[in-house]
Structure formats: structure tokens, C-alpha cells
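Trainee: Take a look at the following structure, please.
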Amino acid sequence: MPGTKIIMLPLPTFACIRTAALVLAMSAPITSHAHGIAGNRFFPGTLNFDDPAVADELSLTTGLVQQPVDSTTVTNRGATVSFARLLTPTVSIGFDSGFIRRNWDNARQSGATGTNLTLKSRIYEGDLNETLVAASLTYGLPQTGAKRVGASTAATIAPNLYVGQGFGALPDSLSWLRPFGITAGVSVAVPTSKASDNLSYDPVARQFNNVRTSNVTTVHWGFALEYSTLYLTDRFVPGVLPKEEPLHQFIPLVEFAFDSPRGQKTRGTVNPGIAYVKDTWQVAAELVLPLTHGSTRGVGANIQVLFFLDDFMPALFGKPLLAH
């Protein structure tokens, strides 16, 4: 196709992902839920980091945020699409890709933010204790992000770990804590090259200049405090697993998201919001507030629509690709 660039994964990287897929498929537990569910607990899809759910999913996220860049303020309007497909009941493969429009006072640039491939597996599920644990391996494709918007053009490899823990199993003396749950995630993104070329905007000269930037290992980490309103209804019975999935509920939540580049200061945001989940989709909205210096400025916002494809389109996603 004219104008289409085909990017091949380096053979060692492809071999690592293929080997990891086989190991995860053989070692994963056989029980499964369609969504991020452990017992009475539903862990909603988070907007700033991945969650422990392993499922057929499609999410669309859009938002607006201001951030300081090169001694000026940039307004970012962006959108991200993420897709995951089950290989087995507990192992999925997927991708995410984004687009951003960046506005300076006297300039504007638009472009892709990069594309990632992810292999993910649920490694533990405890329904009675409301515990969910997943791990993944992400490969950031090189040259898929636009230099003009400051996206990294280097390839990255990132191991990731995600944990969800609900408190619905607490004793009656602590029953007021039962609606609460925590989701946490950590990702270590390791670049495969030491430096890359980017564009930097000079607000005085009102022009973009080529710059050589160092690529450093960055730890992306975060956690979310969630409140499940299901526990305020008679649908929840302490110590008893539900007859139906814990869907059709509002879940207020607060996400904390951080980036910690090696040798640099950690930047973080706090993101209060609310999610509503049905049987085939979830919608969530959050504010974006600066938590550390240099993260964001003012108040931003993100909105996400998440589709549970196995229920939304059961004819296409009714069973995993490798199911017998």
C-alpha cells in the first residue's frame, strides 16, 4: 500500500516474546472471568496505567492536559486506542497506539505517540480474598512515534506487574472498609538505544530545533483507590461468592500515576473520577491534577470508553483464539 511502512520486530525480540507466550500459557491457572473480577470485586479499567484484567477488550481514551515543556506551557489534546485478544482463557496479546495535538502559544504540531505490543497473563486469582495478579511484557515499536511531538523513536522493552486487592473479606468489625479496593501497577521501560533525535520548540525564536536526547530507563508506576457501591446493596453477602458477575454499578476512584526516569525527578499526577460498568462496556471520567512539580499545570481531564468484546460481540470474541 502506498505510504505504508512495515516494521519488522528484531529476531531476538520476537523470539523472546514467542517463548514468553508459551511459558505464560503453560503456567497460567485455568479458572477465568470475562472481566477484571475476583469474587464480589470488580476492578475497573484504569486510565493512567494498566489493570490486572486479562480479557478481550477495546478501549478508547481521550483527554486534554497542560504541561511545562522547554520553559513554556504546552496544551496537549490526545487520543489512545487499546485492543487485547485472548489467546487462552488467561493469556492475551494486544496493542495500543495514540495520537496527540500539541499547542504552544505560537505553534502547533500533531502526530503519533507510538505503538506498543503487549503479551499479558493472569498469574493468580483468589475469589474469596478478592485478589487478582497479572504480568505482561511490552515491546515499544521503534520509529512509530513522531519526533515533532516529542515522542520517543527508540524501541523499548518493558516487563510489567499488576495487582488488584479488594477488602470485601474483612470481618464485621471492619465492614465499613469492605467497599474499598486497590489496584496497582508498575512498568520498567528499558530503551534499546542510548539516544534519539527529537524536535524542541524555542518560544523566543518561534521555531523548532533538532535536539539529541538521551534515552533512559523509566519506571512507570501508579495505584488507584476504588470504592465499589455494590457492597452497599443486598447483592453482596459476606463470605459468599456471587451468583452473577458484580457489574451494573458506579465505582468512584482516585488514581495516582508517576513516571520516574533514571537520574531525574519523579513526576506524578492525582486523578479523581468515577466509572460506571455494565455487562458489555464501562465508561470512566477523571480530572488530571498536578501532584509534583513539572508534571502538569492547571486542571486536565480524561474520558475512556471500554468495551468487553466477549460480551459485546460474542460471535467474534466468544472464545480464545487457541481454545480447543
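Mature numbering (1 follows the signal peptide of the UniProt record, and there is no 0) puts the sequence shown at residues -34 to -1, 1 to 290.
We put the CB at the ideal spot given by N, CA and C, even for glycine.
1. Take Arg88 as the anchor and find which of Thr39, Ile59, Pro256 and His259 has the nearest alpha-carbon.
2. Ends of the beta strand (DSSP E) at Pro157?
3. Buried or exposed: Leu(-13), going by 16 or more other Cβ atoms within 10 Å of its Cβ?
4. DSSP three-state label for Ala45, please.
5. By how many angstroms is the C-alpha of Pro108 removed from the C-alpha of Leu275?
6. Taking the alpha helix (DSSP H) that Pro280 falls in, what are its first and last residues?
7. From Phe65, Asn181 and Leu191, pick the residue whose C-alpha is nearest to that of Gln230; which is it?
8. For the beta strand (DSSP E) containing Pro238, list its first residue and its last residue.
9. Skipping 5 residues on each side, what residues in its chain have a beta carbon closer than 6 Å to that of Ile66?
10. Return helix, strand or coil for Thr54, following the three-state DSSP convention.
11. I'd like the span of the beta strand (DSSP E) that includes Thr197, first residue to last.
12. In angstroms, rounded to a whole number, what distance separates the CA positions of Leu191 and Gln270?
13. Closest to residue 347 by CA distance: which of Val203, His259 and Thr235 is it?
14. My output table needs one value for Trp142: the three-state DSSP class, helix, strand or coil.
15. Rounded to the nearest angstrom, what separates Pro218 and Ala241 at their Cα positions?
16. Determine the DSSP secondary structure at Leu272, reduced to helix, strand or coil.
17. Return yes when the Cβ of Val20 is within less than 8 Å of the Cβ of Gln32, no when it is not.
18. What did DSSP end up calling Leu287 once you bin it into helix, strand or coil?
19. When the distance is taken between beta carbons, is Glu211 closer than 8 Å to Asn237?
20. At which residues does the beta strand (DSSP E) containing Trp247 begin and terminate?
21. Can you tell which of Arg7, Thr179 and Pro227 has its C-alpha closest to the C-alpha of residue 354?
22. Look at the Cβ atom of Val156, then the Cβ atom of Thr183, and state whether they are nearer than 8 Å.
23. What are the uninterrupted segments assigned as beta strand (DSSP E) that are 3 or more residues long and contained completely in the region 104 to 136, given in chain order?
24. Per DSSP, Trp187 is paired with what?
25. Measuring alpha carbon to alpha carbon, tell me which residue in Thr258, Phe273, Leu253 and Leu272 is nearest Val265.
26. Could you please give me the residues that DSSP links to Thr27 through a beta bridge?
27. Using a 10 Å radius around the Cβ and a threshold of 16 neighbouring Cβ atoms, would you call Leu272 buried or exposed?
28. Looking at Leu287 and Leu83, is the spacing between their C-beta atoms short of 8 Å?
29. DSSP beta-bridge partners for Ala161?
30. Can you give me the Cβ contacts of Asp138 inside the same chain, cut-off strictly under 6 Å, excluding the 5 residues immediately before and after it?
Mentor: With the given structure in hand:
1. Among Thr39, Ile59, Pro256 and His259, the Cα nearest to that of Arg88 belongs to Ile59.
2. Segment Phe146 to Pro157, the beta strand (DSSP E) holding Pro157.
3. At Leu(-13) the pLDDT is 41, less than 50, meaning the model places this residue with poor confidence and gives no usable figure here.
4. Strand at Ala45.
5. Distance between the alpha carbons of Leu275 and Pro108: 29 Å.
6. Segment Pro280 to Phe283, the alpha helix (DSSP H) holding Pro280.
7. Looking at the Cα atoms, Asn181 is the closest of the given residues.
8. Run containing Pro238: Arg233 to Val243, per the beta strand (DSSP E) assignment.
9. Excluding its 5 nearest sequence neighbours in each direction, Ile66 has C-beta neighbours in its own chain below 6 Å: Asn42, Gly44, Thr79 and Val115, listed in chain order.
10. In this structure, Thr54 counts as strand in the three-state DSSP scheme.
11. Going by the sequence as given, residue 197 is Tyr instead of Thr. For Tyr197, no beta strand (DSSP E) run applies, since DSSP gives it neither H nor E.
12. Going from the Cα of Leu191 to the Cα of Gln270 covers about 18 Å.
13. Nothing can be reported for residue 347: it is not among the residues displayed for the chain, which extend from -34 to 290.
14. In this structure, Trp142 counts as helix in the three-state DSSP scheme.
15. Approximately 6 Å between the Cα atoms of the pair.
16. Residue state, collapsed to three classes: strand.
17. No, these two residues do not count as a Cβ contact at 8 Å.
18. Correct three-state label for Leu287: coil.
19. Remark: C-beta atoms of Asn237 and Glu211 do not approach each other more closely than 8 Å.
20. From DSSP, the beta strand (DSSP E) with Trp247 extends over Trp247 to Pro256.
21. Since the first and last residues shown for the chain are -34 and 290, residue 354 lies out of range.
22. The beta carbons of Val156 and Thr183 sit closer together than 8 Å.
23. For the region 104 to 136, whole beta strand (DSSP E) runs of length 3 or above, ordered along the chain, are 122 to 132.
24. Answer by DSSP bridge pairing, in chain order: Val152 and Phe224.
25. Minimum Cα distance to Val265 is reached at Leu253.
26. When DSSP reads this structure, Thr27 sits in a beta bridge with Thr46 and Gln270.
27. Leu272 comes out buried.
28. Taking C-beta atoms as the reference points, Leu83 and Leu287 fail to come closer than 8 Å.
29. Under DSSP, Ala161 forms a beta bridge with Ser180.
30. Taking Asp138 as the centre and dropping the five residues before and after it, the same chain places no C-beta closer than 6 Å to its C-beta.
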